[in-house]
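**Student:**
Numbering (full-length UniProt numbering), first residue to last: 1 to 685.
1) How many whole angstroms separate the CB atoms of residue 605 and residue 625, which I take to be in contact at a CB cut-off of 8 Å?
2) In the DSSP assignment, the beta strand (DSSP E) including residue 459 goes from what residue to what residue?
3) So, with DSSP's three-state summary, where would you put residue 564?
4) Work out the CA separation of residue 438 and residue 432 for me, nearest whole Å.
5) What's the gap between the Cα of residue 650 and the Cα of residue 428?
6) Can at least three beta-carbon pairs, one atom from the stretch 315–330 and one from the stretch 241–251, be found at a separation below 8 Å?
7) Between the Cα of residue 559 and those of 601, 496 and 593, spot the shortest distance and give me the residue it belongs to.
8) I'd like to know if the stretch 166–185 and the stretch 334–344 are in contact, where contact means that at least 3 CB-CB pairs between them fall below 8 Å.
9) Just the Cα atoms here: how many angstroms apart are residue 603 and residue 485?
10) Do you know how far the Cα of residue 321 is from the Cα of residue 249?
11) In whole angstroms, what is the alpha-carbon distance linking residue 669 and residue 662?
12) Which ranges would you report for the alpha helix (DSSP H) in the stretch 429–498 if only whole runs of at least 4 residues count?
13) I think residue 460 touches residue 642, with their Cβ atoms under 8 Å apart; what is that distance to the nearest whole Å?
14) Suppose you measure from the CA of residue 562 to the CA of residue 219; what does that come to, to the nearest Å?
15) Rounded to whole angstroms, what is the Cα-Cα separation between residue 613 and residue 215?
16) Could you compute how far the alpha carbon of residue 162 sits from the alpha carbon of residue 147?
17) On the DSSP letters alone, give me the boundaries of the alpha helix (DSSP H) that residue 654 sits inside.
18) Quick one: using the 10 Å Cβ neighbour count with 16 as the cut-off for buried, is residue 100 buried or exposed?
19) Leaving out five residues on either side along the sequence, give the residues of the same chain with a beta carbon under 8 Å from the beta carbon of residue 710.
20) Determine whether the beta carbon atoms of residue 573 and residue 386 lie at a separation below 8 Å.
21) Going by C-alpha to C-alpha distance, which of 137, 169 and 273 sits closest to residue 296?
22) On the premise that residue 570 lies in contact with residue 452, defined as a C-beta separation below 8 Å, what is that separation, rounded to the nearest angstrom?
23) Please name the residue or residues paired with residue 509 in a DSSP beta bridge.
24) Which first and last residues belong to the alpha helix (DSSP H) in which residue 634 is found?
25) Leaving out five residues before and five after residue 488 in sequence, what residues of the same chain have Cβ atoms less than 6 Å from its Cβ?
26) Applying the 10 Å Cβ sphere with the 16-neighbour rule, what's the burial state of residue 595?
27) Out of curiosity, what's the CA-to-CA distance linking residue 330 and residue 230?
28) Below 6 Å CB to CB, which residues in the same chain sit around residue 520 once its five sequence neighbours on both sides are set aside?
29) Going by DSSP in three states, residue 425 sits in which element: helix, strand or coil?
30) Please name the residue, chosen from 600, 632, 309 and 78, that lies closest to residue 456 on a Cα-to-Cα basis.
31) Does the Cβ-Cβ distance between residue 493 and residue 443 come in under 8 Å?
32) Do residue 98 and residue 165 have their C-beta atoms within less than 8 Å of each other?
33) Going by beta-carbon coordinates alone, are residue 138 and residue 150 separated by less than 8 Å?
34) Helix, strand or coil: how does DSSP classify residue 579 here?
35) In terms of residues, what are the limits of the beta strand (DSSP E) holding residue 386?
36) Using three-state DSSP, classify residue 347 as helix, strand or coil.
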């Protein structure tokens, strides 16, 4: 077979070299860079989110405390968020890396194909100047290198697909784990129901313990009185014993003296008798002297008889004194035994009292924990509705009641005629509700301020709907006191009762008045009464004593427990908002018009803030008014918030009442976050 080059003239080696050197330098560089470009492709490593890390996150569930439901829920939420964020991040990174690799590989392959075409063309050009054998060898070597690069690129794509499959598998496992976490969350809810029942039992046990505690205190005081009387009787018996002992000692001395006198007189009688006999025998004294001696003898005998009688009487007194001494010793022994018995009873009562106080402290801790858990489950912003009674000045006529309180059956649409606007709130107080009934519903929320939480209670409604009466009432009448004086009474009484548990509280009170969108701080000595007297009021067509400013009462509480070295900081905000009203009905002019515009503007800003919170928008316009800026820690932070919406039963105020109720319904749907207890521990010095 003839070669294709046999008809071509032979070329010298120099001509072959010229053929190679005839290739432009930039194209030769492109060929070299094309080959090295494949080698420079960086292979991205595996996904960093490994199975071990997922297992570690799953095992964190084992660290949960059994009864710390609140902490467990927070930890579960945190784990879910971390897993979801890590999964999304890893999937996004993997997809981005795969896309980048595919683009680089596609670009490399296309470039290689282009360069392969160029090489083929160049080889065809070179084959004209070089031998066919060398050209074929160079072409085969180039094809081998290209095939290797292509295989390597295919292997990288296969590895990327495998990693994507592993990520999908990991995502499925995370979904399964999320399902298990949801099941565990439902289990926690069931445990919370059990905790509620246990709270009820604890409250009952606490009431029983308090009753037993009061009974034991009364019994203890009576025993203390008995012990004091026994001690007094013992002291009197000891004094009487000492007196009797002194008397016995004196009687014994007197008896000894009488005996000595008797013996001396008997000796004198004997001497005289012997002298008489001796005188009779020896000298024969005269009868007169004898009679004298006889009379003297008789007198001595009478003296001896009287002394014997006195000795017998003294012996009888001594016997009686000895019997009294024995009786006093016996009564003293019995008194000592009774005293020891009373001391033992008092010691037992003190131990039982200490146990009871410890149970009270533990029950108080459990009550606080379960109480805060229940309030969190009820919602961060709670809404109560209160309807004021019908006043004589209200429009009276044949119109039916504009406000009703339907039962569950009537709420389904039966039993109420006419157009209905149903609203549901956490609590509804009709016109017969007393101030005490209203305060009982918020007393637990006020207690949270002593426990170290931020608490905010504010009243909202049209002018003349009873907001100021609800918040302030009439302090001079005990049964008509409002929420502010009753809250202060409860806080001071509770703080005094907690002194026995080692708590000491410091309180700071302040009052702010927002009038025409300006803030003024007033120093107060008699806080509530002076504040109520100095508050701006004005007469409008809707209310003769309409509040023309926002009333903000703040009580800051700082508590320290010397036993546990805990510190709590609580804040209680009680706010009476100015009455909202329509210009068409209020008939305001001049300064009253400016006041009404400022009030409506601040309440409109409050409505905008509530709507932004309900929609969970990124920007909440707290700075649009002084009122919303002041309420920012209560609405946008970790506070426990309660809103009173006050409405009027007057048929002429139906429009304003509907606006207030709709606004309250929007507030009731807001979620502002989980309240946090402001508590710290003192560092050891």
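No residue lacks a Cβ here, since even glycine has one placed at the ideal position from N, Cα and C.
**Tutor:** A quick look at the data gives this:
1) In the chain shown, counting from the first residue as 1, residue 605 sits at position 605. In the chain shown, counting from the first residue as 1, residue 625 sits at position 625. Right, the Cβ-Cβ distance comes to about 4 Å (below 8 Å), so this counts as a contact.
2) As a working note, residue 459 is residue 459 in the chain shown. 454–461 is the span of the beta strand (DSSP E), which, as asked, contains residue 459.
3) Position 564 of the chain shown, counting from 1, holds the residue named residue 564. Three-state DSSP puts residue 564 in coil, outside helix and strand.
4) Within the chain shown, numbered from 1, the residue matching residue 432 stands at position 432. Within the chain shown, numbered from 1, the residue matching residue 438 stands at position 438. So the alpha carbons of these two residues sit roughly 11 Å apart.
5) Residue 650 sits at position 650 when you count from the first residue of the chain shown. Residue 428 sits at position 428 when you count from the first residue of the chain shown. So the two alpha carbons sit approximately 17 Å from each other.
6) Inter-segment contact for the stretch 315–330 and the stretch 241–251 is present: three or more beta-carbon pairs are separated by less than 8 Å.
7) Residue mapping note: residue 559 aligns to position 559 of the chain shown, counting from 1. Closest option to residue 559, Cα to Cα, is 496.
8) no
9) Looking up residue 603 in the chain shown gives position 603. Looking up residue 485 in the chain shown gives position 485. Spanning the two alpha carbons is a distance of roughly 26 Å.
10) In the chain shown, the residue the question calls residue 249 occupies position 249. In the chain shown, the residue the question calls residue 321 occupies position 321. When rounded, the distance between both Cα atoms is 10 Å.
11) Locating residue 669 in the chain shown gives position 669, where the first residue counts as 1. Locating residue 662 in the chain shown gives position 662, where the first residue counts as 1. Each residue's Cα considered, the two are about 11 Å apart.
12) 435–450, 467–471 and 483–497
13) Within the chain shown, residue 460 is the residue found at index 460, counting from 1. Within the chain shown, residue 642 is the residue found at index 642, counting from 1. The pair is not a contact, with the Cβ atoms about 11 Å apart (cut-off 8 Å).
14) As a first step, residue 562 is located in the chain shown; it is residue number 562 there, counting from the start. As a first step, residue 219 is located in the chain shown; it is residue number 219 there, counting from the start. Roughly 30 Å between the two C-alpha positions.
15) Counting from 1 along the chain shown, the entry for residue 613 is found at position 613. Counting from 1 along the chain shown, the entry for residue 215 is found at position 215. Roughly 52 Å between the two C-alpha positions.
16) Stepping through the chain shown from its first residue, residue 162 is reached at position 162. Stepping through the chain shown from its first residue, residue 147 is reached at position 147. Between residue 162 and residue 147, the C-alpha separation is close to 22 Å.
17) Numbered from its first residue, the chain shown carries residue 654 at position 654. Residues 654–668.
18) The residue given as residue 100 occupies position 100 in the chain shown. It is exposed - the Cβ of residue 100 has fewer than 16 other Cβ atoms within 10 Å.
19) The shown model of the chain, from 1 to 685, leaves out residue 710, and the question about it has no answer.
20) Within the chain shown, residue 573 is the residue found at index 573, counting from 1. Within the chain shown, residue 386 is the residue found at index 386, counting from 1. No, these two residues do not count as a Cβ contact at 8 Å.
21) Start at 1 with the first residue of the chain shown, and residue 296 comes out as number 296. That would be 273, whose Cα lies nearest to the Cα of residue 296.
22) Here residue 452 refers to the residue found at position 452 when the chain shown is read from its first residue. Here residue 570 refers to the residue found at position 570 when the chain shown is read from its first residue. Between residue 570 and residue 452 the Cβ distance is about 5 Å, and since that is below 8 Å, they are a contact.
23) What you label residue 509 is simply residue 509 of the chain shown in a count that begins at 1. BP columns for residue 509 point to 555.
24) Taking the first residue of the chain shown as 1, we reach residue 634 at position 634. Bounds of the alpha helix (DSSP H) holding residue 634 are 632–635.
25) Translated into the one-based positions of the chain shown, residue 488 becomes position 488. Result list for residue 488: empty, nothing under 6 Å.
26) Residue 595 sits at position 595 when you count from the first residue of the chain shown. Under this definition residue 595 is a buried residue.
27) Reading the chain shown from its first residue, position 330 is the one you call residue 330. Reading the chain shown from its first residue, position 230 is the one you call residue 230. If I take the Cα positions, the gap works out to 15 Å.
28) On the chain shown, residue 520 is found 520 positions in, with the first residue counted as 1. With a pLDDT of only 43 at residue 520, under the threshold of 50, the placement of this residue in the model should not be trusted; the figure read from the coordinates follows. Same-chain partners within the cutoff: 513.
29) The count along the chain shown starts at 1 and reaches residue 425 at position 425. Coil, per DSSP.
30) Taking the chain shown and counting its residues from 1, the one referred to as residue 456 is at position 456. The candidate whose alpha carbon is nearest that of residue 456 is 632.
31) Taking the first residue of the chain shown as position 1, residue 493 is located at position 493. Taking the first residue of the chain shown as position 1, residue 443 is located at position 443. No, they are not a contact pair.
32) Taking the first residue of the chain shown as position 1, residue 98 is located at position 98. Taking the first residue of the chain shown as position 1, residue 165 is located at position 165. Going by C-beta atoms, residue 98 is not nearer than 8 Å to residue 165.
33) Position 138 of the chain shown, counted from the first residue, corresponds to residue 138. Position 150 of the chain shown, counted from the first residue, corresponds to residue 150. Contact flag unset, no.
34) Looking up residue 579 in the chain shown gives position 579. DSSP places residue 579 in coil when its eight states are reduced to three.
35) Within the chain shown, the letter at position 386 stands for residue 386. Start and end: 381–387.
36) Here residue 347 refers to the residue found at position 347 when the chain shown is read from its first residue. Three-state DSSP puts residue 347 in a helix.
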